[in-house]
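First comes the structure, then the notes that go with it.
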Amino acid sequence: MNCAVHMEAEAAGYCRNCGKALCTQCTREIRGAMYCEPCLSAMVAQRRLRRRQPDKSLARIWDWDGSLGWGRSATESM
Numbered sequence: 303m304n305c306a307v308h309m310e311a312e313a314a315g316y317c318r319n320c321g322k323a324l325c326t327q328c329t330r331e332i333r334g335a336m337y338c339e340p341c342l343s344a345m346v347a348q349r350r351l352r353r354r355q356p357d358k359s360l361a362r363i364w365d366w367d368g369s370l371g372w373g374r375s376a377t378e379s380m
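Take a look at the structure:
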């Protein structure tokens with residue numbers, strides 16, 4: 303099988319995410335797994351996006367019964 307990008311090159315492996323055939327020039331290896339450039343870029347962008355979003359898990363714990371919430375003090379919500 304040939305590379306999906308470089309049709310003249312023999313495939314060295316497949317993208318772990320999308321399954322696209324990749325030659326040695328197209329392969330990006332991360333922790334022993336092969337990825338294509340578009341999939342790797344999307345994974346990095348997704349990870350950066352998750353880091354920018356504030357963790358609201360603590361707010362959910364306090365806000366489940368309406369006792370506390372974002373932007374309110376404990377006395378305002380009582």
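Just so you know, the sequence shown maps onto residues 303 to 380 in this note's numbering.
Idealized CB from N, CA, C, for every residue including glycine.
Starting from residue i, trace the beta strand (DSSP E) both ways and give me its first and last residue.
i, result
"D309", "Per the sequence presented here, residue 309 reads as Met, with Asp not at that position. Run containing M309: none; DSSP gives neither H nor E here."
"R330", "330-332"
"M336", "335-337"
Can you tell which of the options has its C-alpha closest to the C-alpha of residue i?
i, options, result
"E312", "R318, R350, L324", "L324"
"E310", "Y316, R350, A335, Q327", "Q327"
"G334", "V307, R318, A347", "R318"
When you compare the CB positions of residue i and residue j, do they come within less than 8 Å of one another, or not?
i, j, result
"G315", "M345", "no"
"C338", "C320", "yes"
"L342", "R330", "yes"
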